[in-house]
Amino acid sequence: LEAVQRAWAAAGRAAADLRFETFGSSGRLAAQAFTVRVPRHDLAITVPADCSLLDALDAAGVQTLWDCRRGECGLCAMDVLAVDGEIDHRDVFLSAHEKQATTRICACVSRAVGTLTLDSAYRADA
Ligand code: FES
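Residue numbers (my numbering): 1334 to 1459.
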């Protein structure tokens, strides 16, 4: 699909004119436990191999937004502050450029190897 999208763009066609259907991605890397730090909550948690980042954050008490839980809507996207390792983007919401920039991650489906530092949407009342 990415090859078709590149060829489409190289032909000068508008991205919005390309119609396609997406399916879930099992990622480039095998699922394994990784660490996520959330400085705003003073948290460092381990995301087990059989648990999503979104569920691990929820279990740790970090409020998140989500809808589809399939990597399609982008509502769960969180800001990445630092990556010590590699992000395995498994969503179809973020663009290839956004994935390469590693500044956001869709917490419902995407994972990491190593340690991620994320920001949450939480802001203390003034
Ligand atoms: S909840 Fe929709 S992309 Fe994560």
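Quick reminder that beta carbons are idealized off the backbone N, C-alpha and C, glycines included.
Query                                                                                                                                                          : Result
When burial is assigned at 16 or more other CB atoms within 10 Å of the CB, is Arg1444 buried or exposed?                                                      : buried
Please confirm whether Arg1437 and Leu1427 have their CB atoms less than 8 Å apart.                                                                            : yes
Under 8 Å, Cβ to Cβ, is there at least one residue of chain B near Ala1340?                                                                                    : Note that chain B does not occur in the displayed structure, where there is just one protein chain.
Can you round the beta-carbon distance between Leu1387 and Val1369 to whole angstroms, since I take them to be within the 8 Å contact cut?                     : No, Leu1387 and Val1369 are not in contact; Cβ-Cβ is about 11 Å, not under 8 Å.
Is it true that the CB of Cys1409 sits closer than 8 Å to the CB of Ala1364?                                                                                   : no
Using a Cβ-Cβ cut-off of 6 Å (strictly less than) and excluding sequence neighbours within five positions of His1422, which residues of its own chain qualify? : Lys1432 and Ser1443
Keeping to the same chain, check which residues put their C-beta closer than 8 Å to that of Phe1367; ignore five residues upstream and five downstream.        : Thr1379, Val1380, Gly1418, Arg1444, Ala1445, Val1446, Gly1447, Thr1448 and Leu1449
Give the DSSP-derived three-state secondary structure of Val1395 in the structure shown.                                                                       : coil
Using beta-carbon positions only, say whether Ser1358 and Val1395 come within less than 8 Å of one another.                                                    : no
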